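K.L.:
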Amino acid sequence: MRRHLLGLIVVASATLILPETTAQAYNPTGGIMYQLGAEPCLKGRGNCAVYPKSAQLPSGRLVASFEKATVVPATGGADGETLPIYKSDDYGTTWQPLSEVKAPAYLSGDPRYATYVSNWTNPYLYALPQDVGSLKAGTLLLASVVSGEDHFYQEQKAADPNWAPSNDGDRKDLAIALFSSTDDGVTWNVVNAIAATGWQGGSAGAIGRNVANANTYRQVDPLWEPYLMVHEGKLVCYYSDESGYLGFDPVTGVAALDPANDTATDSHGQILVHKTWDGSGPAWSDAVIDVAGLTQDMGGGKTEIGGGRPGMTNVVPTTDGKWLITYEYWGGGANVRYKLADDPLAFHADSDPAGTAITALPVDAGSRTLATGGSPVLIRLPDGRLVYNAAGSGNVWVNESGRSDGVWTEYQTTLGPGYSRNLQYVEGTGRVVILRNQGISTIAYAEVDLGRSDGAYYQLVNRKTGQVIGTGGNSNDANIGNGDDPDVRLEDAGSVSNKDTQYWHLVTKPDGARTLLNKAGGRAAAIWTGNATVGQRIGQWVDDTPAGLWNLVATGDGYVKLQAARNTNVYLTGASAGAALTLQNATDDGSQEWRLVQQAPVRKALTPATESASLVAANPVGEKATLPLDATAADPAGNATHANTTGHAYAFASTGVVTDLGAVSFDGAQQGSVTLPDTIAVGTRFKLAVVFDHTPLVWDTVTVRPSTVPSAPEAPAIAVFGTDVTVTWQAPADGGSPITGYEVFLKHASGEVLTQTVTATQTTFANVAPGRYTAKVVATNAVGNSRLSAPSAPIKVIKP
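Under mature numbering (1 follows the signal peptide of the UniProt record, and there is no 0), read the sequence shown as residues -25 to -1, 1 to 775, first letter to last.
(1) In this structure, how does DSSP classify Phe667 when only helix, strand and coil are distinguished?
(2) Pick out whichever of Leu547, Pro775, Ala500 and Ala540 has its Cα sitting closest to the Cα of His695.
(3) Can you tell me which of the three DSSP states Pro79 falls into?
(4) So what's Gln131 in DSSP terms, helix, strand or just coil?
(5) Taking the straight line between their C-alpha atoms, what separation do you get for Leu721 and Gly759?
(6) Can you list, in chain order, the residues of its chain with a C-beta nearer than 6 Å to that of Val186? Leave out the 5 residues immediately preceding and following it.
(7) Within the continuous alpha helix (DSSP H) that includes Ala554, where are the two ends?
(8) Excluding the 5 residues preceding and the 5 following Gly(-19) in the sequence, name in chain order all residues of the same chain whose CB lies nearer than 6 Å to its CB.
(9) Going residue by residue through the stretch 615 to 700, where are the continuous beta strand (DSSP E) segments of at least 3 residues, counting only ones entirely within it?
(10) Identify, in the order they occur along the chain, each residue of the same chain with its Cβ nearer than 6 Å to the Cβ of Lys771, setting aside the five sequence neighbours on each side.
(11) Given Thr68, which residues of its chain have a CB within under 8 Å of its CB, disregarding the five upstream and five downstream residues?
(12) Can you name the start and end residues of the alpha helix (DSSP H) that Val152 belongs to?
(13) Expressed to the nearest angstrom, what Euclidean distance is found between the alpha-carbon atoms of Thr4 and Val407?
(14) Can you look up Asp605 in the DSSP assignment and give me helix, strand or coil?
(15) Roughly how many angstroms lie between the CA atoms of Gly658 and Pro59, to the nearest whole one?
(16) Spell out the partners DSSP gives Ile7 in its beta bridges.
(17) Closest by CA to Leu410, which one among Gly21, Ser29, Leu571 and Ser551?
(18) My output table needs one value for residue 783: the three-state DSSP class, helix, strand or coil.
(19) Look at Thr251 and Ser242 and say whether their C-beta atoms are less than 7 Å apart.
(20) If you measure between the beta carbons of Val702 and Pro688, is that distance less than 7 Å?
(21) Just the Cα atoms here: how many angstroms apart are Ser368 and Arg355?
(22) Report the residue from Val517, Lys494 and Gly497 whose alpha carbon sits nearest the alpha carbon of Gly505.
(23) Which residues in the same chain have their Cβ closer than 6 Å to the Cβ of Asp339, if we skip the five residues on either side of it in sequence?
(24) Less than 7 Å between C-beta atoms, sequence neighbours within five positions excluded: which residues of the same chain meet that for Asp642?
(25) Suppose you measure from the CA of Val291 to the CA of Leu299; what does that come to, to the nearest Å?
(26) Comparing alpha-carbon positions, which option in Asp429, Leu37, Gly173 and Ala540 lies nearest Gln574?
(27) Need the endpoints of the beta strand (DSSP E) that Ile246 sits in, please.
(28) Would you mind working out which of Trp199, His206 and Val266 sits nearest Ala230, comparing C-alpha positions?
(29) Determine the closest residue to Asp159 out of Leu115, Arg378 and Ser122, with distance taken between C-alpha atoms.
(30) For a quick check, are the C-beta atoms of Ser379 and Thr293 less than 7 Å apart?
(31) Looking only at its chain, what residues have a beta carbon closer than 7 Å to the beta carbon of Gly21, apart from the 5 residues adjacent to it on each side?
(32) Grouping DSSP H, G and I as helix and E and B as strand, with all else coil, what is Pro745?
Next comes the structure, spelled out in structure tokens:
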């Protein structure tokens, strides 16, 4: 008898069904995407390959790019430089080269782009979430800094062929260009130039020092760091601008460029601005100030904005209707700042030139203030959470509420700090992929679980005490959130305010062992010292090993033991109520036995992204019907997601009642079935969801109607093969209840009737007597029999 659930958990059946044992494509320790070889660079080798960025396409594919400032062999300089595109078709677990995006001069014959011969740096990838003018939803965009030749590099090499650069040079004709791809990043087109300027002037690593002789007025006017988003039907590009600006209109925010910018003494300042475009017109809007920076005295009564050099814009919406912008700032005090606004196009309206220190944001107990060090990155997850990191720490900070005044919690990751370290939420896993440059121009990647990742979650109930595995309400690493003391323990179900801390995701690693990841923050239930010996305690820690920590050993009566994978003599033990979990030698007192209780998904998890209109083919359906389920899905590489897996089905009524429909086995073609209980009444419209252990749930909407007998089949076809007669027919409408069989009548002209009962839609009567025959068919379901079909056309069997 199935239970109705008023919201949350499903009691496991006495016959234990273990979570799926197939290893997930999941790489918490990561790998190397690109490593600089022996080829010469146009700048210092330490930052020759930097600034990795990524995006996810509607197909699920991840794409990434980064600056690779190696000398172009054919030209001996920057002319012909491209931006590499890498792909991941397994949600960030592995990466492969995909394509190279050429400079505008080599992708287009338009003379407006002829000076842009290098596709240089600061790539920003963005999949359009909606149509914008002539650009269609799903189009992959790339905004990047393009340029002409590096004149400083060429001049130095001409003077001394053995000279090698140690820092940035001086490129001419800088611009931010927009490119597009409609085939998932394989081929690219130039869309337009968003903004353009003159000379680099040694920025950013050698500002005003590495200046080419050709740069007559020693101008330092580059553009940097584009950041794309769509707002109110327009494409917005935020970027950093080092040109000389006198100020801005306080009402419109439009920046006022110094008329003498090309020849006047340079301030070496920088401002943050944005432009908008409707996707159809010829030009982008004027540049509007986001962060002006400090006002600088240029002498002769002239001042310019841009002091403190604010840079590296990131903008996200908060759950309380605000917009949050983060950026680096070098004008004293905290070198990462933020501002809040009601409108993402009006950050200038507060007249605050520098913003507020990122360290002023509230953090929970144990967490340090948000990282500084410049190059902040900020993203919003689909559930509203905000995630932040900056160059000063390898950790990330999560704002659980997503509010502008929300509290931030610190979490460890497996990758160290890096310049403009990228964060990418991944649809299909619910985890975050991190990209960073490390060492000598090496681009590294890894995945981190921050909680509520895709797949089923379980409570683990202790046989001896009846309590569940919890963390005392802590969501982050115990060295941060629990005073460096292990925090995994037994506690009463529902006894903590953060209920998610009592649920665990059972991840299967490549070695077949499991790791328990907490729903609240994605932390592993880890052996505190790393040594699997008697007495060791268990605490939350970032999942930092490719191997699993636990073997699940079934006891045969609905319970499992968690055996330490590194020492199979010891088991996870809850010795008494409220006790800290430890490793102990085997015992039979129930303290090492756990019942897995799957959590039913909450209704808000049934999002448009996980809806599958093909999950239930027939709709409406009859009461107590057995529904064929089609869970066909594939990862970006085309691998069947649900082949030969077991899911768990739930029915979500509009009243809020959740009904457990039990386990569903899917075959190699990703087909399964589930039978509706009689508690789901006629007229009910509900959502049927199937939860899988390692992949996103899928759901469909179903309406239950009264069941009737099947419709009468159409007249069957009949054929003679010697003295055998074969009858074939089409299945009729089932009346809302699956057809369970057919009765077939073969009538001789004499009146004699032969009958067969079958489940298929074809049958053969063998060795029948000579004469004329017709056939009729009746269909049967749980309600009863259909009317007789019309007779077939007559046939004649001839005596051999």
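Just so you know, even glycine gets a beta-carbon here, dropped at the ideal spot from N, CA and C. What you are looking at is a predicted structure, and each value in this text was computed from that prediction instead of being measured.
P.N.:
Taking the structure as given:
(1) Position 692 of the sequence shown, counting from 1, holds the residue named residue 667. Here Phe667 sits in coil by DSSP.
(2) Taking the first residue of the sequence shown as position 1, residue 695 is located at position 720. Contrary to the premise, residue 695 reads as Val rather than His in this sequence. Checking every option, the nearest Cα to that of Val695 belongs to Pro775.
(3) As a first step, residue 79 must be located in the sequence shown, where it is residue number 104. If DSSP states are grouped into helix, strand and coil, Pro79 belongs with the helices.
(4) Here the question's residue 131 lines up with position 156 in the sequence shown. It is helical.
(5) Translated into positions along the sequence shown, residue 721 becomes position 746. Translated into positions along the sequence shown, residue 759 becomes position 784. When rounded, the distance between both Cα atoms is 21 Å.
(6) One-based indexing of the sequence shown puts residue 186 at position 211. So the qualifying residues of the chain are Asp145, Gly176, Gly177 and Arg193.
(7) Within the sequence shown, numbered from 1, the residue matching residue 554 stands at position 579. Premise fails: Ala554 is in no alpha helix (DSSP H) and is neither H nor E.
(8) Walking along the sequence shown from the start, residue -19 turns up at place 7. Any answer about Gly(-19) is weak, because its pLDDT of 32 lies below 50 and its placement is not dependable; what the coordinates show is given next. Same-chain partners within the cutoff: there are none.
(9) 621 to 628, 633 to 640, 646 to 650, 660 to 666, 673 to 680 and 692 to 696
(10) The sequence position of residue 771 within the sequence shown is 796, counting from 1. If we look at Lys771 and ignore the five residues flanking it on each side, its Cβ neighbours are Arg747.
(11) Along the sequence shown, read from residue 1 onward, the residue named residue 68 stands at position 93. Excluding sequence neighbours, Thr68 sits near Ala(-1), Tyr1, Asn2 and Glu422.
(12) Within the sequence shown, residue 152 is the residue found at index 177, counting from 1. A quick correction: the sequence has Ala, not Val, at residue 152. From DSSP, Ala152 is part of no alpha helix (DSSP H) but of the beta strand (DSSP E) over Ala150 to Ser156.
(13) Looking up residue 4 in the sequence shown gives position 29. Looking up residue 407 in the sequence shown gives position 432. Roughly 13 Å between the two C-alpha positions.
(14) The sequence position of residue 605 within the sequence shown is 630, counting from 1. In this structure, Asp605 counts as strand in the three-state DSSP scheme.
(15) Within the sequence shown, the letter at position 683 stands for residue 658. Within the sequence shown, the letter at position 84 stands for residue 59. Answer to the nearest angstrom: the Cα atoms are 56 Å apart.
(16) Position 32 of the sequence shown, counting from 1, holds the residue named residue 7. BP columns for Ile7 point to Ala419.
(17) If you number the sequence shown from 1, residue 410 lands on position 435. If we check each option's Cα against that of Leu410, Ser29 comes out closest.
(18) Residue 783 lies beyond the range of the chain shown here (-25 to 775); nothing can be said about it.
(19) Stepping through the sequence shown from its first residue, residue 251 is reached at position 276. Stepping through the sequence shown from its first residue, residue 242 is reached at position 267. In this structure, Ser242 does not lie closer than 7 Å to Thr251 by Cβ.
(20) As a first step, residue 702 is located in the sequence shown; it is residue number 727 there, counting from the start. As a first step, residue 688 is located in the sequence shown; it is residue number 713 there, counting from the start. Contact: no.
(21) For the purposes of this step, residue 368 is taken as the residue at position 393 of the sequence shown. For the purposes of this step, residue 355 is taken as the residue at position 380 of the sequence shown. Using only the alpha carbons, I get a separation of about 19 Å.
(22) One-based indexing of the sequence shown puts residue 505 at position 530. Checking every option, the nearest Cα to that of Gly505 belongs to Val517.
(23) Position 364 of the sequence shown, counting from 1, holds the residue named residue 339. Closer than 6 Å at Cβ, skipping near neighbours: Val382 and Thr384.
(24) Here residue 642 is taken as the residue at index 667 of the sequence shown, counted from 1. The residues are Asn619.
(25) In the sequence shown, the residue the question calls residue 291 occupies position 316. In the sequence shown, the residue the question calls residue 299 occupies position 324. Straight-line Cα distance between these residues: approximately 5 Å.
(26) To locate residue 574, count along the sequence shown from 1; it is residue 599. Nearest of Asp429, Leu37, Gly173 and Ala540 to Gln574, Cα basis: Asp429.
(27) Reading the sequence shown from its first residue, position 271 is the one you call residue 246. Ile246 to Trp252 is the extent of the beta strand (DSSP E) around Ile246.
(28) The residue labelled residue 230 in the question sits at position 255 within the sequence shown. The option with the nearest alpha carbon to Ala230 is Val266.
(29) Within the sequence shown, numbered from 1, the residue matching residue 159 stands at position 184. Of the listed residues, the one whose Cα sits closest to Asp159 is Leu115.
(30) Position 404 of the sequence shown, counted from the first residue, corresponds to residue 379. Position 318 of the sequence shown, counted from the first residue, corresponds to residue 293. Cβ atoms of Ser379 and Thr293: closer than 7 Å.
(31) Locating residue 21 in the sequence shown gives position 46, counting from the first residue. The residues are Ile415 and Ser416.
(32) Position 770 of the sequence shown holds residue 745. In this structure, Pro745 counts as coil in the three-state DSSP scheme.
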